[in-house]
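All residue numbers for the sequence shown refer to the numbering used here, where the first residue is 830 and numbers rise by one.
We treat Cβ as the ideally placed atom computed from N, Cα and C, and that holds for glycine.
Report on one structure; see the data block that follows.
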Amino acid sequence: MTVTTNSEAETEEAAIDLAATLSPGAVVLLYGDLGAGKTAFTRGLALGLGVDAADVSSPTFTIMQEYRGGRVPLYHVDLYRLNDPREIEDLGLDEIAADGVLAIEWAEKIDGAGRYGRATRVRITHGEGDARTITVSGLTNP
Ligand code: ADP
Ligand code: MG
C-alpha cells in the first residue's frame, strides 16, 4: 500500500489506520531519512492504539520508550545512535515487546539480522516540500 501525505497530521492519520490492524507482538519497521516522518508516524501509531501521544518524540538518550494506557502497549525504539550490532542484540527487544506493538526507527540497522521476517515495513520518502510517500508492506501481525 502506498499513500502520499502533505502534512505531519496526514502522516499521523495513515499510521492511525495501520494501528487499527495491529495486535500484540506486531513489529513495525520504519525506514527513511532524517526528517522523513518516522517519529510522526510512530505518534500516529500511539494515537491509533489509544495511547496519550503528546510526548511521543525521538528517544534521544533512551533507546526505547514505552507508552501504556492504550488498547495495546507501544514500544518505540530509535536505533539512530546505535552502531554496534551487539548493542542492539543486548536490548533484548524480542522479549520486551512480546505483549505490545514494537515500532523501530532506523530499522535498516537490524536488517542484516534477518530476525523480523514477519514485520510490517514502512518506508517514508521525501517529495517536494511537505509531501511524503509512505509505502507499507508485509504482514501486520505475528
Ligand atoms: P524522522 O523521525 O523520520 O527523523 P520526524 O517525524 O521527527 O522525522 O520529523 C518529520 C518532520 O517533517 C517534522 O518536522 C514534520 O512537521 C515535518 N513534515 C512535513 N511534512 C510532513 C509529512 N507529510 N509527514 C510527516 N512529517 C512531515
Ligand atoms: Mg525520528
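N- and C-terminal bounds of the beta strand (DSSP E) containing Ala932 | Working through the sequence shown from its first residue, we reach residue 932 at position 103. Segment 930-934, the beta strand (DSSP E) holding Ala932.
Say the cut is 8 Å; is the CB of Gly879 nearer than that to a heavy atom of ligand 1?
-> Residue mapping note: residue 879 aligns to position 50 of the sequence shown, counting from 1. No, since every heavy atom of ligand 1 falls outside the 8 Å radius drawn around the Cβ of Gly879.
Who are the near neighbours of Val965 in its chain, counting only those whose CB is closer than 6 Å to its CB and skipping five residues on each side?
-> Locating residue 965 in the sequence shown gives position 136, where the first residue counts as 1. Apart from the 5 residues on each side of it in sequence, Val965 sits with its Cβ closer than 6 Å to the Cβ of Met830, Val951 in its chain, given in chain order.
Verify whether the separation of the beta carbon atoms of Leu847 and Gly879 is less than 9 Å.
-> In the sequence shown, the residue the question calls residue 847 occupies position 18. In the sequence shown, the residue the question calls residue 879 occupies position 50. With respect to Gly879, Leu847 sits apart: the two C-beta atoms are not nearer than 9 Å.
Which first and last residues belong to the beta strand (DSSP E) in which Glu895 is found?
-> Along the sequence shown, one-based indexing puts residue 895 at 66. For Glu895, the enclosing beta strand (DSSP E) has its first and last residue at 893-896.
What's the gap between the Cα of Ala932 and the Cα of Val856?
-> Taking the first residue of the sequence shown as position 1, residue 932 is located at position 103. Taking the first residue of the sequence shown as position 1, residue 856 is located at position 27. Each residue's Cα considered, the two are about 6 Å apart.
Extent of the continuous alpha helix (DSSP H) to which Thr840 belongs | By 1-based counting over the sequence shown, the position of residue 840 is 11. DSSP places Thr840 in the uninterrupted alpha helix (DSSP H) bounded by 837-848.
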